[in-house]
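So the structure is just underneath, and the comments pick up after that.
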Amino acid sequence: MSDLQATEELNVKASHLDIIGDVHGCANTLQRLLQKLDYQKVAGVYRNPQRKVVFVGDIVDRGPRIREALAIVRDMVDAGEATMVLGNHELHALCYCLPNPNIPNHYLRPHTPRNTSIIQETLEQFANHSQDWQDHLRWLKQRPLYFQMPGVRVIHACWDQSVINRLAAVIPEARWSELADPASQLSRDVKRLTSGVELPLPEPHIMLSAEGYRRRSFRAGFWQSNPVNLGALAFQPDPLPDSVAALPVTDDIKAQLVVYDSSQPPLFVGHYWLNGSPKPITENIACLDYSAVKFGRLVAYRCDGRQTLHPNQYNWVYVDP
């Protein structure tokens with residue numbers, strides 16, 4: 179049986195869920211947010227007698243206390259007080275660290291300088307705790323790709339129902355080793371859910387991200403049925419070059435898009451590095467990644483059973499320098 183999981187259940191009503199955004203190693207901030215949400219540590223685990231947490235993923239990488247953050251989340255999940263869906267950073271960590279069974283002394287994801295830089299902080303903070311890291315990797319392999327129950331859906335980056343339907347059919351027999359080939363259907367499907375819709379920049383354009391990476395693609399929103407130009411379609415912290423943003427959305431690009439419309443249940447994602455005051459993207463979509471590790475806000479949405487999302491249901495704490 180495959181370790182790759184689609185979804186899992188949490189024994190609570192949808193109206194009693196707190197959805198928490200990308201933590202990225204900000205363990206102290208996570209504890210302050212849980213305390214603000216009336217979770218108290220009992221027998222070593224944060225608990226609330228009426229509510230439970232869904233983490234949107236990206237607990238690892240970048241931040242100062244990755245080991246501590248992962249321990250808090252894992253303890254809550256193992257105690258039945260929370261669940262966690264895989265983010266693209268957990269997926270990267272697993273593929274970077276899992277050996278490729280088809281090529282000796284290689285891994286599912288090559289150890290290139292770029293790939294190593296993404297996971298560098300995590301590897302350094304676990305350098306003297308290698309057994310713990312291996313144990314966490316085994317645990318992360320069992321985390322689901324998405325969470326759903328009547329009235330709530332949670333995924334790290336993009337809810338694509340066609341992909342989810344396809345994965346539901348293949349995951350019982352899928353193997354992590356299949357992710358070694360980035361062109362495989364499984365790799366492309368998992369990337370869609372954990373990294374979202376990425377569209378190529380028109381040739382010969384490239385862009386330089388705030389982190390210094392040269393990019394030939396951009397992240398697109400998945401809730402617009404008729405965007406007027408590429409600038410309106412882009413959903414990422416780095417703006418498109420003006421000459422690219424003004425370009426029209428062609429039929430070929432429209433064919434690659436995913437549209438999560440207003441008839442579907444409330445959806446919660448992370449991943450997109452927002453800033454400013456937290457608010458819904460649409461009446462039924464909320465992004466909870468407000469750049470915590472960049473001294474932004476660690477954000478939670480307190481579900482109340484309503485199908486229309488409201489700004490007053492957000493809770494957050496600022497990240498200390």
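When the letters of the sequence shown are read in order and numbered with the working numbering, they come out as residues 179 to 499. Ideal Cβ positions, reconstructed from N, Cα and C, are used throughout, including at glycine. None of the values given here were measured: they were computed from a predicted structure.
### Task
Give the straight-line distance between the Cα atoms of Met-179 and Phe-413, rounded to the nearest whole angstrom.
Interpretation of Met-179 is limited by its pLDDT of 32, a score under 50 that renders its predicted location unreliable; no figure is taken from the coordinates.
### Proximal residues to Arg-245 (C-beta, below 6 angstroms), its chain only, five neighbours per side dropped
Non-local beta-carbon contacts of Arg-245 in its own chain, meaning distances under 6 angstroms to residues more than five positions away in sequence, involve Gln-303 in chain order.
### Message
Only counting the same chain, and skipping five residues up and downstream in sequence, which positions put a Cβ closer than 6 angstroms to that of Pro-405?
### Response
Apart from sequence neighbours up to five positions away, the residues of its chain that approach Pro-405 with a beta-carbon distance below 6 angstroms are Leu-411 and Val-427, ordered along the chain.
### Task
Scan the segment 413-455 and note each continuous alpha helix (DSSP H) run of 4 residues or more that stays entirely inside, going in chain order.
Under the rule that a run must span 4 or more residues, the alpha helix (DSSP H) segments found entirely inside the segment 413-455 read 420-423 and 429-434.
### Task
Mark Glu-351 as exposed unless 16 or more other C-beta atoms lie within 10 angstroms of its C-beta, in which case mark it buried.
So Glu-351 ends up on the exposed side.
### Limits of the unbroken beta strand (DSSP E) element including Glu-461
Taken as a continuous stretch (DSSP letters only), Glu-461 belongs to no beta strand (DSSP E), as it is neither H nor E.
### Query
Is Ala-526 helix, strand or coil by DSSP?
With the chain covering only 179 through 499, there is no way to say anything about residue 526.
### Message
Need the endpoints of the beta strand (DSSP E) that Lys-219 sits in, please.
### Response
Where Lys-219 is concerned, the enclosing beta strand (DSSP E) stretches over 218-220.
### Query
Buried or exposed: which applies to Pro-328, given that a residue is buried once 16 or more other Cβ atoms fall within 10 Å of its Cβ?
With fewer than 16 Cβ atoms within 10 Å of its Cβ, Pro-328 is classed as exposed.
### Task
Let me know the secondary structure DSSP gives Gln-228 once reduced to three states.
If DSSP states are grouped into helix, strand and coil, Gln-228 belongs with coil.
### Task
Could you spell out the range, first to last residue, of the alpha helix (DSSP H) harbouring Asn-206?
Start and end: 205-214.
### Query
Going by the beta-carbon positions, is the gap between Ile-250 and Leu-301 smaller than 8 angstroms?
For Ile-250 and Leu-301, no; Cβs fall outside 8 angstroms.
### Task
Kindly indicate which three-state DSSP category Thr-486 falls into: helix, strand or coil?
Here Thr-486 sits in coil by DSSP.
### Task
Put Gln-326 into one of helix, strand or coil per three-state DSSP.
Taken through DSSP and simplified to helix, strand or coil, Gln-326 comes out as strand.
### Message
Quick check: what's the CA-CA separation for Met-254 versus Asp-239?
### Response
Straight across, the Cα-Cα distance linking Met-254 with Asp-239 is about 19 angstroms.
### Task
Spell out the partners DSSP gives Arg-392 in its beta bridges.
According to DSSP, Arg-392 shares a beta bridge with Leu-386.
### Task
Could you check what DSSP says for Asp-498 in three-state terms: helix, strand or coil?
Here Asp-498 carries a coil assignment [DSSP, helix/strand/coil].
### Task
Take Ser-193 and list the residues in its own chain whose beta-carbon comes closer than 6 angstroms to its own, dropping the five residues that flank it on each side.
Cβ neighbours of Ser-193 beyond the five flanking positions: Cys-481, Asp-482 and Gly-483.
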